[in-house]
Amino acid sequence: VDPDLLAGLAGAGIDAVSLANNHIRNAGSTGVTQTIRNVRRAGMVSFGAGADEERARRPFCSEQADTRVCFLGYNEVDSALQAVRDGRAGAAELVSADVVGDIRRLRREGADVIVVWPHWGREYVTTTEAKQRRWAREMVRAGADVVLGNHSHVVGPIQFIDRVPVLYSLGNLVFDLPRFEATEEGVLAELTFHGSDLVQLELHPTVVHQRAQLHLLERDGDGTVVVERMREASKAFE
């Protein structure tokens, strides 16, 4: 990917990106470190990948209105190929004990809001796997305030565990993958906190136009089909 394209992300107001995914090592360790460097040069911060395990698991934290918000990213897809290990750069691997430990440590260190960003599950389906549901419960019980998942390329279900929202897949935001209609759709999750308390969650449906342009859809208009896909998938948790 041309590093100049990162200017578009920064210009859109994106502050941080998770690099924990199943393609981060496509160009080997050099590709990982170059990607991290290019993201930084574009004025953003990355998390979820690094030159070693400590840096790959390092959170991105930001102070917002006296509230410390921290993000953690992990990948479980093709993890043997993509994970940081044995001196090679790569993604933070979704290992339950590590995730639980990282969440609890962040809480001890004063994080008010913890968002976990797992790259998990099967492609092109809205159903979830038993291991995803197990991981979600473990994340919430360890202290996660929000779980925002991705990988399936389609919008997935939402589940509330002890009142904590778990969005298993946000779909595609901007992705050159017009495989079928749902792969060109996604949702933006707008979360409003009062201190450490989540007081509002709004979902904004989106569509990718001409394989590259993000368009926001009206929830009561063209976006209805996207919201309905999520609602239908979420019936599994009723």
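Residue numbers (our numbering): -15 to 222.
Glycine included, every Cβ here is placed at the ideal spot set by N, Cα and C.
Quick caveat: nothing in here was measured; it's all calculated off a predicted structure.
Contacts around residue i, its chain only, beta-carbon distance under 8 angstroms, and the 5 residues preceding and following it disregarded
| i | result |
| --- | --- |
| Ala0 | Met28, Val29, Ser30, Phe31, Phe44, Ser46, Phe55 |
| Asp36 | Val68, Gly71, Ala73 |
Proximal residues to residue i (C-beta, below 7 angstroms), its chain only, five neighbours per side dropped
| i | result |
| --- | --- |
| Asp82 | Arg41 |
| Leu198 | Leu157, Val158, Thr190, Val192 |
| Asn5 | Asn59, Ala75, His103 |
N-terminal and C-terminal residue of the alpha helix (DSSP H) that residue i is part of
| i | result |
| --- | --- |
| Ala120 | 114 to 126 |
| Thr176 | Taken as a continuous stretch (DSSP letters only), Thr176 belongs to no alpha helix (DSSP H), being part of the beta strand (DSSP E) at 169 to 178. |
For residue i: DSSP bridge partner residues
| i | result |
| --- | --- |
| Asn5 | For Asn5, which the question treats as bridged, DSSP gives no partner whatsoever. |
| Pro102 | Tyr58 |
| His199 | Val191 |
| Gln48 | Thr51 |
| Ile142 | Leu151 |
| Asn72 | A quick correction: the sequence has Arg, not Asn, at residue 72. In the DSSP output, where bridge partners are listed per residue, Arg72 has Arg69. |
Three-way DSSP call (helix, strand, coil) for residue i in this model
| i | result |
| --- | --- |
| Ala217 | helix |
| Ala166 | helix |
| Asn223 | Any question about residue 223 goes unanswered here, given that the chain covers just -15 to 222. |
| Ile(-2) | coil |
| Ser136 | coil |
| Ala40 | helix |
| Val210 | helix |
Element boundaries [beta strand (DSSP E), containing residue i]
| i | result |
| --- | --- |
| Asp181 | 181 to 193 |
Check whether residue i and residue j have beta carbons under 9 angstroms apart
| i | j | result |
| --- | --- | --- |
| Leu161 | Leu175 | no |
| Glu216 | Thr110 | yes |
| Tyr58 | Glu77 | yes |
| Ile145 | Arg106 | no |
| Gly34 | Leu90 | no |
| Val139 | Val131 | no |
Close-in-space but distant-in-sequence residues of the same chain around residue i (CB under 6 angstroms, 5 per side omitted)
| i | result |
| --- | --- |
| Glu93 | none |
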